[in-house]
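Numbering (the working numbering), first residue to last: 1 to 370.
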């Protein structure tokens, strides 16, 4: 009975060691780092609220021109395409990391031509010394008869080999590696989402800047018209002796300031238009035409929003995923110090005749574990 209890306890400990740990989030990060979250005042933090940014928020402005510009920027921006390519590459990296959990099977078929050159004497015979009085035998002494060979031999060798290997992930090393790769892939996907949202925000900001600059230019032009009319009336009053040179100089200075305001607003509008053309991968010619009035606002932002809204930002979520990846990398490194259990098997057929590949006598195999 005691032995059964010991075996059950050992089995439970082994299964607990094989379980993959989940990385901490929120206040669990402080606990993992050794800090005591109870010492932090409650008003400094709130409930952990998670969730992605709502997509398509540009459409809440109900401006087709703004929506089109954002879509063009997302489609043509080279940095965003590079980020999308990195996300795609990371997904394949996750597949590569997960492939170690399954057996690896390989097969090989080969045909090899082998040759051998033969040069030299095949045999050498020596006759006995000459004997006098025996017909047909010379008296000069012994003589040798030689047969030389100069040839080559070639043959084809055929073979078929099959092998398989599998590593039992007892300590969770491969699973930790896969989880780390998945977390890094999720972080890159969130980086792409952050870049996409930032690009959309940059286009919207530049678009509204053009409308603002257009209205400022219109107001400055209207003000300049008033000052020009006032300057004309001041000239008439001066001719009639009802205005001084000082009054005329003041009106001229204000008209010049209004003219400068017109130039500044026009330059700001041109700069904002060129910014839109750059982010949409167009030549910054400043020829983009936009509306002169603001679209309907989706609604005022309420006051007193919780700070947990910051945790919905893609860049902050990406940082959490990178923390999770580092957590799993540590688990992988710890499991790498423990013994590995792997099984491998191989079998092959080899023969000098093509019809002998299937002969059982030519079969070789091996089985190993460690």
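Built from N, CA and C at the ideal position, the CB exists for glycine as well. Here the structure is a predicted model, which is why all the values come from computation and not from measurement.
From the listed residues 185, 331, 235, 287, the smallest Cα separation to residue 248 is found for 235. It is roughly 14 Å from the alpha-carbon of residue 230 to the alpha-carbon of residue 257.
Taking residue 316 as the centre and dropping the five residues before and after it, the same chain places the C-beta of 310 closer than 7 Å to its C-beta, in chain order. The closest CA to that of residue 171, considering only 338, 193, 113, 112, is found on 338. Excluding residues up to 5 positions away in sequence, 103, 105, 345 lie with their Cβ nearer than 6 Å to the Cβ of residue 164 in the same chain. Annotation: the continuous alpha helix (DSSP H) that includes residue 323 extends over 314-336.
Here residue 113 carries a strand assignment [DSSP, helix/strand/coil].
Scanning its chain for C-beta atoms nearer than 8 Å, with the 5 sequence neighbours on each side dropped, one finds around residue 208 the residues 294, in chain order.
With distances taken between CA atoms, residue 183 lies nearest to 319 out of 194, 333, 319.
The distance from the Cβ of residue 280 to that of residue 73 is about 5 Å, consistent with a contact at the 8 Å cut-off. With 16 or more other Cβ atoms inside 10 Å of its own Cβ, residue 314 counts as buried.
Relative to the Cα of residue 221, the nearest Cα in the group 96, 260, 196 belongs to 260.
Here residue 206 is near residue 276, since their CB atoms are less than 7 Å apart. Here residue 266 is near residue 217, since their CB atoms are less than 7 Å apart. Taking a cut-off of 8 Å on C-beta distances, the stretch 327-337 does not touch the stretch 189-200, as fewer than three cross pairs fall below it. Each residue's CA atom was taken as its position, placing residue 178 and residue 94 some 6 Å apart. Non-local C-beta neighbours of residue 278 in its own chain, meaning closer than 7 Å and more than five positions away in sequence, comprise 284, ordered along the chain. Of the residues assessed, residue 321 falls on the buried side of the cut-off, its CB having 16 or more other CB atoms within 10 angstroms. Taking C-alpha positions only, residue 347 is separated from residue 160 by approximately 8 Å. Annotation: the continuous alpha helix (DSSP H) that includes residue 245 extends over 245-279. Cβ-Cβ distances below 6 Å link residue 112 to 157 in the same chain, with the five nearest sequence neighbours on each side left out; the list follows chain order. Per DSSP, the beta bridge partners of residue 104 are 165. Contact check for residue 185 and residue 90: beta-carbon distance about 4 Å, within the 8 Å limit, so the pair qualifies. A straight line joining the alpha-carbon of residue 262 with that of residue 65 spans about 26 Å.
Residue 298 counts as exposed, since fewer than 16 other beta carbons sit within 10 angstroms of its beta carbon. The alpha-carbon separation between residue 212 and residue 84 amounts to approximately 33 Å. Burial state of residue 290 is buried, judged by a 10 Å Cβ sphere holding 16 or more other Cβ atoms.
Distance check between residue 78 and each of 56, 226, 199, 108 places 199 closest, using alpha-carbon atoms only. Using a 10 angstroms sphere on the CB of residue 244, the tally of other CB atoms stays under 16, which defines it as exposed.
Shown here, residue 294 sits in coil according to DSSP, grouped into three states, outside any helix or strand. With 16 or more other CB atoms across the displayed protein chains lying within 10 angstroms of its CB, residue 288 is buried. Cβ atoms of residue 255 and residue 227 come within 8 Å of each other, at about 4 Å. Pairing residue 210 with residue 273 gives a Cβ-Cβ distance under 7 Å. Residue 157 carries a strand assignment under DSSP once its states are collapsed to helix, strand and coil.
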